[in-house]
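**Q** Have a look at this one before I ask anything.
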Amino acid sequence: MSNKQDDFLYNAGRSGKRAGGESERRDKRQTDYRTEQYSESHKVGRFEHEFDRLSDDFTFLGSDSGKPDSDKYMSAADLWWQKKSASTERQSQFVADYRDNRLDQPNAAYPRQTASPNSETDYDVQTVAERERRAAEQRELRRHRMRRQRRVRFRAGILLSLILLTLILTFVLIRLIVNRSANQTGLRFITSGTLYRTVDGKAIVIRNEKVEKAAADGFVQPLAGEGERVAYGQKLALISAEDIAPIRGQLNDVLQKISGREMELISLGQSEDAQKIYNKSEDSLRELVRSIAVAAAGGEVREAKAAGLRINSVLENRNRELKKISFNDPVLKDLTTTRDRLERELTKKSRVIKAGVAGLATFSVDGFEDKLPGDKIDTITGDNLQEIFKANSDFSDISGQTAKDHPVIRMVNGLYQYFAVLVKEKDLGNFNDDKVDIYLPDMKYELKDCRITHRLPANGGTYLFIRTEKKVEGLLRERRVNIQLRVSAEQGLIVPFSALKFSGNESDLGEMAVVQSGFAHFAKVKVGIRSGDKAVVTPLNEDAKITAGSLVVQNPAGIKEGDKLE
Numbered sequence: 377m378s379n380k381q382d383d384f385l386y387n388a389g390r391s392g393k394r395a396g397g398e399s400e401r402r403d404k405r406q407t408d409y410r411t412e413q414y415s416e417s418h419k420v421g422r423f424e425h426e427f428d429r430l431s432d433d434f435t436f437l438g439s440d441s442g443k444p445d446s447d448k449y450m451s452a453a454d455l456w457w458q459k460k461s462a463s464t465e466r467q468s469q470f471v472a473d474y475r476d477n478r479l480d481q482p483n484a485a486y487p488r489q490t491a492s493p494n495s496e497t498d499y500d501v502q503t504v505a506e507r508e509r510r511a512a513e514q515r516e517l518r519r520h521r522m523r524r525q526r527r528v529r530f531r532a533g534i535l536l537s538l539i540l541l542t543l544i545l546t547f548v549l550i551r552l553i554v555n556r557s558a559n560q561t562g563l564r565f566i567t568s569g570t571l572y573r574t575v576d577g578k579a580i581v582i583r584n585e586k587v588e589k590a591a592a593d594g595f596v597q598p599l600a601g602e603g604e605r606v607a608y609g610q611k612l613a614l615i616s617a618e619d620i621a622p623i624r625g626q627l628n629d630v631l632q633k634i635s636g637r638e639m640e641l642i643s644l645g646q647s648e649d650a651q652k653i654y655n656k657s658e659d660s661l662r663e664l665v666r667s668i669a670v671a672a673a674g675g676e677v678r679e680a681k682a683a684g685l686r687i688n689s690v691l692e693n694r695n696r697e698l699k700k701i702s703f704n705d706p707v708l709k710d711l712t713t714t715r716d717r718l719e720r721e722l723t724k725k726s727r728v729i730k731a732g733v734a735g736l737a738t739f740s741v742d743g744f745e746d747k748l749p750g751d752k753i754d755t756i757t758g759d760n761l762q763e764i765f766k767a768n769s770d771f772s773d774i775s776g777q778t779a780k781d782h783p784v785i786r787m788v789n790g791l792y793q794y795f796a797v798l799v800k801e802k803d804l805g806n807f808n809d810d811k812v813d814i815y816l817p818d819m820k821y822e823l824k825d826c827r828i829t830h831r832l833p834a835n836g837g838t839y840l841f842i843r844t845e846k847k848v849e850g851l852l853r854e855r856r857v858n859i860q861l862r863v864s865a866e867q868g869l870i871v872p873f874s875a876l877k878f879s880g881n882e883s884d885l886g887e888m889a890v891v892q893s894g895f896a897h898f899a900k901v902k903v904g905i906r907s908g909d910k911a912v913v914t915p916l917n918e919d920a921k922i923t924a925g926s927l928v929v930q931n932p933a934g935i936k937e938g939d940k941l942e
């Protein structure tokens with residue numbers, strides 16, 4: 377009986393060893409799954425599988441007849457189950473400790489078990505430890521990368537701050553040096569040019585203008601551009617009972633496609649007449665674009681805006697001329713058919729407003745158009761002008777929805793305009809002639825050879841009505857302007873008025889400190905026209921060698937003859 381028990385235990389050990397080897401290989405293939413999932417169903421299924429397989433071995437080894445020996449079978453099964461249960465408990469406790477981050481903490485209630493290298497628990501511990509080590513390495517790598525990025529950003533910020541600080545310090549030093557030099561020397565260059573003696577005041581712009589009004593309520597859809605010069609009978613706007621903006625948008629898209637197709641055909645040499653029209657318009661557009669650039673560089677916003685309005689007018693005229701050209705192109709023919717259909721649809725759904733006179737079209741009014749008839753200057757009274765001077769209103773745009781008898785568009789005779797200027801009695805003697813030059817400082821407009829056509833006496837002076845044919849487009853939205861009437865002009869050397877010292881009662885004689893070889897030299901001069909802080913001077917001594925580009929002391933009060941100037 378003892379031999380059979382020994383054989384049984386020996387064979388059971390071999391069978392268990394084989395089972396353990398197979399289990400280890402199986403565990404290696406399923407490491408991720410068993411580490412993350414320790415469900416009870418998996419452990420029970422695993423146990424049943426092992427138990428059934430071992431039971432066959434135990435049955436075969438239990439007796440010679442092939443029937444199981446129940447005592448040996450149960451004792452071996454109990455022994456295996458006890459070992460398996462202990463291993464399962466250790467695994468469950470280990471996973472719980474790992475999830476609670478307690479692996480590195482001493483725990484007397486759950487001492488770490490020492491198992492064989494081939495056991496399932498030891499393999500799981502090694503796998504989790506290896507993962508923890510790799511995760512720690514990844515975290516350390518990320519921290520190192522973040523520290524390096526922070527260092528790079530910090531250095532870049534420091535460098536940028538140093539550059540900005542250097543620029544600021546350089547600017548401050550330059551200003552200090554310039555101010556110090558100006559305070560120490562107060563030197564200015566003498567220039568040459570022309571100064572004007574002027575009579576300054578405010579003027580009211582009067583035009584021959586007509587306001588077109590709506591015959592019924594509706595929506596206004598402009599057909600002419602702002603400031604565009606239109607012909608008699610030309611379509612100016614549409615008034616419809618409904619919003620026709622979508623149809624108008626489709627029409628604009630078709631017009632753009634037509635323009636693009638015409639350019640393609642012209643580039644292919646399909647029409648010489650169209651090429652001439654485009655060349656003519658391109659010359660005008662190029663000149664207007666140059667005018668806009670010059671006006672923008674000089675800060676002349678109104679002049680730039682007026683040039684932009686003239687560009688729209690040139691484009692409209694070009695499109696009208698191109699409508700007369702036949703390209704014999706099927707694509708262009710389809711586009712023009714669509715254009716004509718949309719235009720008929722717009723005309724059918726709306727009322728067309730046409731130009732009653734030729735001139736400039738603008739979608740703005742101020743309400744004084746009827747009180748200032750440009751074609752009836754003699755009917756304007758001083759009370760009308762005073763009312764406009766006191767009014768605080770300005771031009772307002774006409775767009776969107778309108779009502780019956782409300783303004784839709786303003787037509788301006790683009791041939792001429794008037795300036796009504798109140799001149800005091802003491803200055804009237806300067807305007808005995810009917811010609812005068814005008815300067816508008818806000819717009820920087822210089823209007824020469826203007827005519828005084830009418831005089832209207834008023835309280836405190838006389839209104840001069842001055843007519844001009846220039847800059848009508850640029851003043852479409854102006855009713856009150858600052859004006860300078862030029863009385864006389866003088867050309868010569870121009871110096872700051874503060875550089876002159878006067879002695880005696882003769883206000884036209886003075887002296888100024890000129891820099892010669894680094895020293896102050898006082899020269900007597902005759903003072904001509906003064907304008908603002910500048911004056912025209914003429915040296916009385918021809919040997920003084922005062923020319924444009926010479927240096928003069930701006931404040932000579934503390935300067936004496938022969939003082940060294942830095």
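Numbering (my numbering), first residue to last: 377 to 942. The beta carbon of each residue, even a glycine, is placed where N, CA and C say it ideally should be.
Whose C-beta lies closer than 8 Å to the C-beta of Ser-874 among residues of the same chain, with five residues either side of it excluded?
**A** Sequence index remark: in the sequence shown, residue 874 carries index 498 (1-based). The residues are Asp-909, Gln-930, Asn-931.
**Q** Suppose you measure from the CA of Leu-698 to the CA of Ile-653; what does that come to, to the nearest Å?
**A** Residue numbering aside, residue 698 sits at position 322 when the sequence shown is read from its first letter. Residue numbering aside, residue 653 sits at position 277 when the sequence shown is read from its first letter. For Leu-698 and Ile-653, the distance between alpha carbons rounds to 7 Å.
**Q** Given this structure, state the Cα-to-Cα distance separating Met-787 from Ile-729, to the nearest angstrom.
**A** For the purposes of this step, residue 787 is identified with residue 411 of the sequence shown, where counting begins at 1. For the purposes of this step, residue 729 is identified with residue 353 of the sequence shown, where counting begins at 1. About 12 Å.
**Q** Hey, would you say the C-beta of Ala-590 is under 7 Å away from at least one heavy atom of the ligand GTP?
**A** No copy of the ligand GTP appears in this structure; indeed no ligand is present at all.
**Q** On a Cα-Cα basis, can you pick out the residue from Ala-734, Pro-915, Ser-616, Met-888 that is closest to Ala-607?
**A** Taking the first residue of the sequence shown as 1, we reach residue 607 at position 231. When only C-alpha atoms are compared, the closest one is Ala-734.
**Q** Roughly how far, in whole angstroms, is the beta-carbon of Glu-719 from the beta-carbon of Leu-627, given that I think they are within contact range, below 8 Å?
**A** In the sequence shown, counting from the first residue as 1, residue 719 sits at position 343. In the sequence shown, counting from the first residue as 1, residue 627 sits at position 251. Yes, Glu-719 and Leu-627 are in contact; Cβ-Cβ is about 7 Å, under 8 Å.
**Q** Using the Cα positions of Val-581 and Gln-860, report the straight-line distance between them to the nearest angstrom.
**A** Locating residue 581 in the sequence shown gives position 205, counting from the first residue. Locating residue 860 in the sequence shown gives position 484, counting from the first residue. Going from the Cα of Val-581 to the Cα of Gln-860 covers about 14 Å.
**Q** By alpha-carbon positions, which one of Gln-597, Val-799, Val-630, Gly-609 ends up nearest to Ser-616?
**A** As a first step, residue 616 must be located in the sequence shown, where it is residue number 240. Checking every option, the nearest Cα to that of Ser-616 belongs to Gln-597.
**Q** Would the region 789-801 and the region 838-858 be scored as touching if the rule is three or more Cβ pairs under 8 Å?
**A** Judged by Cβ distances under 8 Å, the region 789-801 makes contact with the region 838-858, as three or more pairs qualify.
**Q** Is it a yes or a no for the region 819-827 touching the region 629-637, going by three-plus beta-carbon pairs under 8 Å?
**A** No contact exists between the region 819-827 and the region 629-637.
**Q** So, for Asp-813: in the same chain, excluding its five sequence neighbours on each side, which residues have a beta-carbon less than 6 Å away from its beta-carbon?
**A** Start at 1 with the first residue of the sequence shown, and residue 813 comes out as number 437. For Asp-813, where only same-chain residues beyond five positions count, the Cβ hits under 6 Å are Lys-824, Arg-862.
**Q** Figure out for me which residue from Leu-761, Phe-703, Glu-604 has the closest Cα to the Cα of Glu-692.
**A** Along the sequence shown, read from residue 1 onward, the residue named residue 692 stands at position 316. Looking at the Cα atoms, Glu-604 is the closest of the given residues.
**Q** Give the range of the alpha helix (DSSP H) segment to which Lys-724 is assigned.
**A** Residue mapping note: residue 724 aligns to position 348 of the sequence shown, counting from 1. Unbroken alpha helix (DSSP H) run through Lys-724: 706-725.
**Q** Looking only at its chain, what residues have a beta carbon closer than 6 Å to the beta carbon of Asn-789, apart from the 5 residues adjacent to it on each side?
**A** For the purposes of this step, residue 789 is identified with residue 413 of the sequence shown, where counting begins at 1. Counting only Cβ-Cβ distances below 6 Å, and skipping sequence neighbours, we find Asn-584, Gly-735.
**Q** Using a 10 Å radius around the Cβ and a threshold of 16 neighbouring Cβ atoms, would you call Glu-943 buried or exposed?
**A** For the chain, the structure presents residues 377 to 942; residue 943 sits outside this window and is missing.
**Q** So, for Gly-690: in the same chain, excluding its five sequence neighbours on each side, which residues have a beta-carbon less than 8 Å away from its beta-carbon?
**A** In the sequence shown, counting from the first residue as 1, residue 690 sits at position 314. Just to set this straight, residue 690 is Val in the shown sequence, not Gly. The answer, listed in chain order, is Ser-657, Ser-660, Leu-661, Leu-664.
**Q** In whole angstroms, what is the alpha-carbon distance linking Gln-525 and Arg-515?
**A** Taking the first residue of the sequence shown as 1, we reach residue 525 at position 149. Taking the first residue of the sequence shown as 1, we reach residue 515 at position 139. Whole-angstrom Cα-Cα distance: 15 Å.
**Q** Once DSSP output is grouped into helix, strand and coil, what is the label at Asn-858?
**A** Numbered from its first residue, the sequence shown carries residue 858 at position 482. Strand.
**Q** Per the contact definition of three or more C-beta pairs closer than 8 Å, is the region 755-769 in contact with the region 697-711?
**A** The region 697-711, when compared against the region 755-769, does not touch it at the 8 Å Cβ threshold.
**Q** Leaving out the 5 sequence neighbours to the left and right, which residues in its chain are closer than 6 Å to Asp-939 when beta-carbon positions are compared?
**A** On the sequence shown, residue 939 is found 563 positions in, with the first residue counted as 1. Answer for Asp-939: Ala-896, listed in chain order.
**Q** Could you please give the first and the last residue of the uninterrupted beta strand (DSSP E) stretch that includes Arg-583?
**A** Numbered from 1 along the sequence shown, position 207 holds the residue referred to as residue 583. Looking at the DSSP string, Arg-583 is not in any beta strand (DSSP E), and its letter there is neither H nor E.
**Q** Do Arg-855 and Asp-781 count as a contact pair if the criterion is CB distance below 8 Å?
**A** Working through the sequence shown from its first residue, we reach residue 781 at position 405. Working through the sequence shown from its first residue, we reach residue 855 at position 479. Going by C-beta atoms, Asp-781 is not nearer than 8 Å to Arg-855.
**Q** On the three-state DSSP scale, how would you describe Tyr-608?
**A** The residue you call residue 608 lines up with position 232 of the sequence shown. Looking at Tyr-608 - three-state DSSP - the assignment turns out to be coil, as it is neither helix nor strand.
**Q** Where does Phe-547 fall in DSSP's three states?
**A** The sequence position of residue 547 within the sequence shown is 171, counting from 1. Three-state result, Phe-547: helix.
**Q** Residues in the same chain with beta-carbon distance under 7 Å from Pro-872, minus the five sequence neighbours each way, listed in chain order, please.
**A** As a first step, residue 872 is located in the sequence shown; it is residue number 496 there, counting from the start. Within the same chain, Pro-872 has close Cβ partners Arg-564, Asp-909, Lys-910, Gln-930.
**Q** Going by alpha carbons, who is nearest to Leu-852 out of Glu-602, Ala-511, Glu-506?
**A** Here residue 852 refers to the residue found at position 476 when the sequence shown is read from its first residue. Selected option, being the one with the closest Cα: Glu-602.
**Q** Determine the contact status of Ser-879 and Leu-571, defining contact as a CB-CB distance below 8 Å.
**A** As a first step, residue 879 must be located in the sequence shown, where it is residue number 503. As a first step, residue 571 must be located in the sequence shown, where it is residue number 195. No.
**Q** From the beta carbon of Glu-692, is the nearest beta carbon of chain D less than 8 Å away?
**A** Note that chain D does not occur in the displayed structure, where there is just one protein chain.
**Q** Under the rule that 16 or more other beta-carbon atoms within 10 Å means buried, what is Ser-647, buried or exposed?
**A** As a first step, residue 647 is located in the sequence shown; it is residue number 271 there, counting from the start. So Ser-647 ends up on the buried side.
**Q** Buried or exposed: where does Arg-694 fall if 16 or more other Cβ atoms within 10 Å of its Cβ makes it buried?
**A** Position 318 of the sequence shown, counted from the start, is the residue given in the question as residue 694. So Arg-694 ends up on the buried side.
**Q** Compute the Euclidean distance between the alpha carbons of Leu-927 and Val-890, then round it to the nearest angstrom.
**A** Within the sequence shown, numbered from 1, the residue matching residue 927 stands at position 551. Within the sequence shown, numbered from 1, the residue matching residue 890 stands at position 514. So the alpha carbons of these two residues sit roughly 6 Å apart.
**Q** Between the alpha carbons of Lys-847 and Val-903, how many angstroms are there, rounded?
**A** The residue given as residue 847 occupies position 471 in the sequence shown. The residue given as residue 903 occupies position 527 in the sequence shown. Distance between the alpha carbons of Lys-847 and Val-903 is about 34 Å.
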